[in-house]
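Chemist: In the working numbering, the protein residues as written are -19 to 97.
Cβ coordinates follow ideal geometry from the N, Cα and C atoms, glycine included.
A single structure is presented below for examination.
This is how it looks when you write it as C-alpha cells:
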C-alpha cells in the first residue's frame, strides 16, 4: 500500500490535472491510473465520493469498478450510485481547472446533440 501511495504522489505532481475541484490536492493522472488498473482518478473520487466507479473515464481499465460490477451481478452489491453527466459537467465548469471531462453520454443524448448541430 505504501508503494502505491508513493507512486501516486510522485507521478501526481509531474503530470496531473484537477478537472473537478481545482483547489484541493487530489488530482487525476491517466498514467498512474493505467499502471495501477484504475486507481489514479483521485480528483473525481473527492468531487463525487458517492459514485461507486470513482472515475468518470469509461475508456480505460478500472479493476475496482469491474470488481464491484461483478459483485452487483451476483447480488453482493446493490444500489450503486453514479454521478450524472450533467452533474459532472456542472462541477467541472464551476470548480475545475478547465481540463475537458470525458464521460459516456446516453444514446438518446448523442442523437439529440448530432441532430441539433
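Just how far apart, CA to CA, sit residue 71 and residue 55?
Modeler: Distance between the alpha carbons of residue 71 and residue 55: 32 Å.
Chemist: Per DSSP, what kind of secondary structure is residue 62 in: helix, strand or coil?
Modeler: Looking at residue 62 - three-state DSSP - the assignment turns out to be coil, as it is neither helix nor strand.
Chemist: Helix or strand or just coil, what does DSSP make of residue 52?
Modeler: Residue 52: helix per DSSP, three-state reduction.
Chemist: With burial defined as no fewer than 16 other Cβ atoms inside 10 Å of the residue's Cβ, what is the status of residue -1: buried or exposed?
Modeler: Buried, since its Cβ has 16 or more Cβ neighbours within 10 Å.
Chemist: Would you mind working out which of -3, -4 and 36 sits nearest residue 66, comparing C-alpha positions?
Modeler: Nearest option by C-alpha distance: 36.
Chemist: Comparing C-alpha positions only, which one of 26, 2, 42 and 28 sits nearest to residue 13?
Modeler: Taking only the C-alpha atoms, the option nearest residue 13 is 42.
Chemist: So, using beta-carbon positions, are residue 31 and residue 62 closer together than 7 Å?
Modeler: Taking 7 Å as the Cβ cut-off, residue 31 and residue 62 qualify as a contacting pair.
Chemist: Compute the Euclidean distance between the alpha carbons of residue 4 and residue 19, then round it to the nearest angstrom.
Modeler: About 18 Å.
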